[in-house]
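**Student:**
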Amino acid sequence: MSTIIIRRQRFVVSAVLIFAWLCAGSTSYAAESMREPVREHPRREPPLPGAPDGFRNLFHAAKTQASEVAPYHPAHFATSWGSDDPDGCWGSRTLPASLTVVMSKTETLNTIRLLTRWLDRPVFQYVIEGSLDGKSWSMLVDRHKNTNPATERGETFYFPPQAVRYVRTTFTGNSKGKDHGAQIVEIEGYHLPQEQITDARAWKDAWREVPAGLHAAIASKDIRYPRCAVPVLENKEEKDHRWSTIAWRGERVATQAVAWSRDGFEGLRILRGPLRGPLRGSNEKEIPASAVRCRFVRYVLSGRTCQTCGSAPLRETHVVPDVLDLAQRLDLAPCTVRPVWISIDVPPQTPPGRYRGELVVKANGGKSIPLAIELEVLPAVLPPPSQWSFWLNVWQHPWSVAEYHGVEPWSEAHMTVLRPHLKMLAEAGQKCARTTILEPRMSGQYTPLHSMVKWIRGADGKFRFDYTIFDKYVELAAECGISKGISCFGIFPRKGRGCVGYLDEASGDYVWNSWSVGSKEHEEFWKVFLADFSKHLKKKGWFEKTALIMDESKPVEARAHFKTIREAAPGLKVAWSGHYHEEFKDEVANWCFYVGLAANREVIAQRKRSGKTTTFYVACDPVHPNIHTFSPPAEATWMAWHAAAMGYDGFLFWAYDNWNENPLFDTRWVRFPAGDMFLIYPGPRSSIRFERLREGIQDFEKLCILRKQLKRQNDAEATAALTRLNKILEQFSYQTVQKTPASETVREAQKLLEELSGKVPPAK
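Taking my numbering, the leading residue of the sequence shown gets 80, the next gets one more, and so forth.
1) Starting from K283, follow the alpha helix (DSSP H) in both directions and report where the run begins and ends.
2) Would you please state the rounded distance, in angstroms, between the beta carbons of P175 and V202? I believe it to be under 8 angstroms.
3) What three-state label does DSSP hand V607 in the structure shown?
4) Sorted by chain position, which residues of the same chain lie with C-beta nearer than 8 angstroms to A333's C-beta, five sequence neighbours on each side aside?
5) Taking the runs of the alpha helix (DSSP H) that are 4 residues or longer, which of them lie wholly in the region 737 to 792?
6) Going by CA-CA distance only, name the one from E267, I767, T158 that's closest to G236.
7) Do I535 and L582 have their beta-carbon atoms positioned less than 8 angstroms apart in this structure?
8) Does the separation of the CB atoms of G209 and V246 fall below 8 angstroms?
9) Contact defined as beta carbons within less than 8 angstroms: I believe R433 pairs with L347. What is the distance between those atoms, to the nearest angstrom?
10) Based on DSSP bridge pairs, tell me the residues matched to K441.
11) State the Cα-Cα distance for the pair G104 and V486, rounded to the nearest angstrom.
12) Please classify W591: is it buried, with 16 or more other beta-carbons within 10 angstroms of its beta-carbon, or exposed?
13) Considering only residues of the region 409 to 460, which uninterrupted beta strand (DSSP E) runs meet the minimum length of 3 residues and lie entirely inside it, listed in chain order?
14) Terminal residues of the continuous beta strand (DSSP E) containing H294?
15) Report the rounded CA-to-CA distance for V839 versus C511, giving the unit in angstroms.
16) I'd like to confirm the pairing. Which residues does DSSP put opposite K403 in its beta bridges?
17) Can you list, in chain order, the residues of its chain whose CB lies under 6 angstroms from that of F844, leaving out five sequence neighbours each side?
18) Less than 6 angstroms between C-beta atoms, sequence neighbours within five positions excluded: which residues of the same chain meet that for S381?
19) Counting only runs of 4+ residues fully inside the region 148 to 184, write out the alpha helix (DSSP H) ranges in chain order.
20) For a test of the three-state rule: what should DSSP assign to V697, helix, strand or coil?
21) Between the Cα of T514 and the Cα atoms of Q788, G161, L627, which residue gives the shortest distance?
22) Let's see if you can read the secondary structure: which residues bound the beta strand (DSSP E) around F732?
23) Answer yes if the region 445 to 457 comes into contact with the region 294 to 313, meaning at least three C-beta pairs across the two stretches below 8 angstroms, and no otherwise.
24) DSSP puts W670 in a beta bridge; with which residues?
25) Considering only their Cβ atoms, is the gap separating H484 from R118 smaller than 8 angstroms?
26) Quick check: the region 617 to 636 against the region 645 to 662, are there 3 or more CB pairs under 8 angstroms?
27) Tell whether a beta-carbon distance below 8 angstroms holds between P742 and Y727.
28) Does the separation of the CB atoms of L782 and L801 fall below 8 angstroms?
29) Measuring alpha carbon to alpha carbon, tell me which of M725, A140, N253 ends up nearest D199.
30) Give me the Cβ distance between A637 and S613, rounded to the nearest whole Å; I'm assuming they're in contact under 8 angstroms.
31) By Cβ distance below 7 angstroms, which residues in the same chain neighbour E330 in space, the five residues on each side in sequence not counted?
32) On the DSSP letters alone, give me the boundaries of the alpha helix (DSSP H) that N805 sits inside.
33) Between the C-alpha atoms of Y108 and H493, what's the straight-line distance to the nearest angstrom?
34) What three-state label does DSSP hand V371 in the structure shown?
35) Report the rounded CA-to-CA distance for Q241 versus N136, giving the unit in angstroms.
36) According to DSSP, is S479 part of a helix, a strand, or is it coil?
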C-alpha cells in the first residue's frame, strides 16, 4: 500500500503547482500579445456508465468488516468514499484478504458492481459470496482466475436474485504481488429489473465476441455511434478499411471512422500522409497531407427530444458524439468506441484525376491499422465560401465567448479569441454580422446580451449614441470574411422581452422606459435613434447592407414600426422572421419563414425576381428536421437541399456560440433543447452538426452551378438531367422528412449530384 500513499503525496504537490500555474495566468493563446489571460476549462467527457441510473445502491453506507486494514485505508471507504478517487479505497497489506458488507436487513440482490483500484492497471483475482447469517456462504461471483486489468469503470456482475444480508469479497491474487494486498475503491449492490439485466448482458456478450486488440474501420457519417456499444458497420468486411469518394476541386469531403477495443489502449492516434495521384499521367501530383484532417469526436451530454422553447428538462440525459476535438491523442477505454472525423479540403488548383493515400490508426501496444483513401477529383471547381450564393445567417453571441473564456468584452484578449472563431463561421459561407443595437432587459440567454450601441441622454435632454463597439465588431467580422450583411437585433423590443434603456447623464442612472407601440413617446424616441444610426451607417459605407431585425413581430406592431422607419430612415432595410403577411411584402427585404409553415413557392419566386431575400429557420422545434445534438446528422445537410427545393436563398439558425457553463461537457440548458444554443464549441472546435450543415451548403452551390450549365447546354441530355434533379428535389419537403429519414433522401440526392457533376466544365 506504500504506492498509494506516495501517489497521494504526489497529488498534493501537483495540485499546488497547478494552482500556482493558474494564478500565473497560463493560456493556450498568444499570451504575450494580450493584457489579460484567457481562461481554460477542463476538457473532459461525461463519465462512462457506472452505477445503474435511478436505482438504490443497497450497499451505500452499510457497515463493513475487513480481515485486515492498511494505514489510511479503512474498510468503510469501500462503501462511502465514492468511486472517482482511486486512492480513497479500502486496502490490505497482504493477501489473502477479505471485506464483508453488512446490510441493516436482508435484501434481494441480483447485481454487484465492483471497482478495484485501477492505477497501474493491476489484475486482481477474487470471489464474491453472499450469506443470510454470516456463517453459510454461497458463490455469487467467481473471478479467482481473472486476467482482466482493473479500470475506472470497474466490473458489473449479474446473477439470479438471491436474498442476502452479508456480502464478502475475498482477494486471492494481485499481479503486482501479494505484498500489494487487496484494494476496493467501491462496491455497490442492486436489485435491477430483469429487462435491464437482459440488455446489460447482451451488451457484455457483444463485447465478449470482439477479438482482443485494437480495431478500426471506415464508418458512416450518418450515424452517431454510441460510446459503449460494439459499432455496427454498414460496409462489408473487405470494404471497411477503404474510403472511396468523389470531389470537385475546392470542395471539402468528409466521412467518419471508428476505433474500438474490448481491452482498452492508451495513446490512440491517426497518422496521415499525402494523397498521391493521378493514377494515370506522366507527371505525378499530390494533395498535401495538410489538406487531410483527422479529428477525434468527443462525447457530450444531450437530451433526447425537442420541447417548446422555455422548457427543456435536464433530467433527460443522453450521451452523444458531436465535438470535433483538437487533441492529437486520446486514450481508448475498454469496451468503448472512439469516432474519428476525416475530411479533405481539395485545393482548387488540384489537377483532375484519381488520388489515393492512407491513414494509419495506432495506439500504444496495439497493431497499426491502415485505412485506405481513394479520391476522384473532377474538373469542376467549387468557388470559395466568400463567393457562395447561399445566404447563411447563424446568429452570434460574442458576450458568451467572452464570458466562457473569462476575458473582458471587447478587450484585446476577446478579439484574439473571436478572430479564429468568426473565421470558422465565414468558411461555412456566413453572410451577416449579427449585432445588437439596444440593451435588452430580459434576453433569456445563459449569458445576457448587451447593446453594441451606447444610448446616452445628455444633461440637455438630447440623445447621443456611441457606436465604438458596433463598429469594432462589424469590422472584425469583415476582417474574418463575414462582410455581406449586418443584422441589427433589438429594434422595437417585444413586450416581456425588454424595453428601451439609456444612460441618463443628469442623474447618472440607467433608465428603462416602456412605451406602447405607436405612442408619441415611442415614435419620437426611435426616430431620433434611427436618423442618427442611418447617418452613421452611410458614413461607414454600410447603409445598403444593413437590416433591422423584426423577430416574430405582430402585424399591428409592425405597421407602426414600418411607419417610423420610413419617416426616420428611408431606405433602411428590414429583416423579418416569422409568418408571411401580404401587406408587408414590399417592406421586408429579407423574410425568414419557419420551416413548419407551408410556404408559397410563388411568393418566394416573386421575392427573388424583385431582388429580395427569402430564407427559412428551425427553432426549439420541430423534432424533424433540426440541428440539435440529438438530431440525426443528415438533417443538418437536409436544410440546404430543402432551400434549393423551395427556392429559398438560404437558412437562419439561432445560435452559433451561445454557450452554457461547460459546453464541452453538457449541451443541455433548462430553457431550450440540447444544442439549440450553439453549433460549435470553444477552441474553436467544430461539430458533426456544423460540418454536415456546411456539406449541404456546398451541395446547394454545386446544384446552382450544375443547373446553370445544363440550361446553357440546352439539349435532350441536359433536359433529362434537369428533370431528374427537379424530381429528386421534390423529396425535400417538410412533409416528406416527417416520414422518411433525412439520411435516405440526402444520400440518394448526393449520388445523383455526383453522377451529373461530370457535366460541369472546369472554371476558366
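Glycine included, each C-beta is placed from N, C-alpha and C at the ideal position.
**Tutor:** Result, derived from the coordinates:
1) Within the sequence shown, residue 283 is the residue found at index 204, counting from 1. It spans 273 to 287 - the alpha helix (DSSP H) in which K283 sits, taken as one unbroken run.
2) If you number the sequence shown from 1, residue 175 lands on position 96. If you number the sequence shown from 1, residue 202 lands on position 123. With a Cβ gap of about 16 angstroms, P175 and V202 do not count as contacting.
3) Residue 607 sits at position 528 when you count from the first residue of the sequence shown. Residue state, collapsed to three classes: helix.
4) Locating residue 333 in the sequence shown gives position 254, counting from the first residue. For A333, where only same-chain residues beyond five positions count, the Cβ hits under 8 angstroms are K300, W420, I421, S422, I423, E770, E774.
5) 767 to 792
6) As a working mapping, residue 236 is identified with position 157 in the sequence shown. Here residue 236 turns out to be Phe, not Gly, going by the sequence shown. Per the Cα distances, E267.
7) Looking up residue 582 in the sequence shown gives position 503. Looking up residue 535 in the sequence shown gives position 456. Between L582 and I535, the C-beta gap is smaller than 8 angstroms, which places the two residues in contact.
8) To locate residue 209, count along the sequence shown from 1; it is residue 130. To locate residue 246, count along the sequence shown from 1; it is residue 167. For G209 and V246, yes; Cβs fall inside 8 angstroms.
9) In the sequence shown, counting from the first residue as 1, residue 433 sits at position 354. In the sequence shown, counting from the first residue as 1, residue 347 sits at position 268. Not really, about 30 angstroms apart at Cβ, beyond 8 angstroms.
10) Looking up residue 441 in the sequence shown gives position 362. DSSP lists R348 as partners of K441.
11) Your numbering for residue 104 matches position 25 in the sequence shown. Your numbering for residue 486 matches position 407 in the sequence shown. With a pLDDT of 34 at G104, under the threshold of 50, the predicted position of this residue should be treated as unreliable, and no value is reported.
12) Indexing the sequence shown from 1 puts residue 591 at position 512. Looking at its Cβ environment, which holds fewer than 16 other Cβ atoms inside 10 Å, W591 is exposed.
13) 409 to 411, 415 to 424, 432 to 441, 448 to 460
14) Position 215 of the sequence shown, counting from 1, holds the residue named residue 294. That run of the beta strand (DSSP E) goes 294 to 298.
15) The sequence position of residue 839 within the sequence shown is 760, counting from 1. The sequence position of residue 511 within the sequence shown is 432, counting from 1. Each residue's Cα considered, the two are about 30 angstroms apart.
16) By 1-based counting over the sequence shown, the position of residue 403 is 324. Contrary to the premise, residue 403 reads as Leu rather than Lys in this sequence. Residue pairing by DSSP puts L403 in a beta bridge opposite V376.
17) Absent from the model: residue 844. The displayed extent of the chain is 80 to 843, so no value can be given.
18) For the purposes of this step, residue 381 is taken as residue 302 along the sequence shown, with counting starting at 1. For S381, where only same-chain residues beyond five positions count, the Cβ hits under 6 angstroms are H397, V399, T708, F709, T746, A753.
19) Complete alpha helix (DSSP H) runs here, min 4: 156 to 159.
20) Counted from its first residue, the sequence shown places residue 697 at position 618. V697 carries a coil assignment under DSSP once its states are collapsed to helix, strand and coil.
21) Residue 514 sits at position 435 when you count from the first residue of the sequence shown. For T514, the closest alpha carbon among the candidates Q788, G161, L627 is that of L627.
22) Walking along the sequence shown from the start, residue 732 turns up at place 653. 729 to 732 is the span of the beta strand (DSSP E), which, as asked, contains F732.
23) yes
24) Taking the first residue of the sequence shown as position 1, residue 670 is located at position 591. DSSP output for W670 lists W655, T693 as bridge partner(s).
25) Here residue 118 is taken as the residue at index 39 of the sequence shown, counted from 1. Here residue 484 is taken as the residue at index 405 of the sequence shown, counted from 1. For R118 and H484, yes; Cβs fall inside 8 angstroms.
26) yes
27) The count along the sequence shown starts at 1 and reaches residue 742 at position 663. The count along the sequence shown starts at 1 and reaches residue 727 at position 648. No, the pair does not count as a contact, with Cβ atoms beyond the cut-off.
28) Stepping through the sequence shown from its first residue, residue 782 is reached at position 703. Stepping through the sequence shown from its first residue, residue 801 is reached at position 722. Taking 8 angstroms as the Cβ cut-off, L782 and L801 do not qualify as a contacting pair.
29) Taking the first residue of the sequence shown as position 1, residue 199 is located at position 120. Checking every option, the nearest Cα to that of D199 belongs to N253.
30) Position 558 of the sequence shown, counted from the first residue, corresponds to residue 637. Position 534 of the sequence shown, counted from the first residue, corresponds to residue 613. That belief does not hold up - the Cβ atoms of A637 and S613 are roughly 19 angstroms apart, past 8 angstroms.
31) Here residue 330 is taken as the residue at index 251 of the sequence shown, counted from 1. Here the set comprises V425, L461, Q777.
32) To locate residue 805, count along the sequence shown from 1; it is residue 726. 795 to 808 is the span of the alpha helix (DSSP H), which, as asked, contains N805.
33) Counting from 1 along the sequence shown, the entry for residue 108 is found at position 29. Counting from 1 along the sequence shown, the entry for residue 493 is found at position 414. With a pLDDT of 35 at Y108, under the threshold of 50, the modelled position of that residue is not reliable, and no figure is offered here.
34) Within the sequence shown, numbered from 1, the residue matching residue 371 stands at position 292. V371: strand per DSSP, three-state reduction.
35) Against the sequence shown, residue 241 aligns to sequence position 162. Against the sequence shown, residue 136 aligns to sequence position 57. Taking the straight line from one Cα to the other gives about 16 angstroms.
36) In the sequence shown, the residue the question calls residue 479 occupies position 400. Shown here, S479 sits in a helix according to DSSP, grouped into three states.
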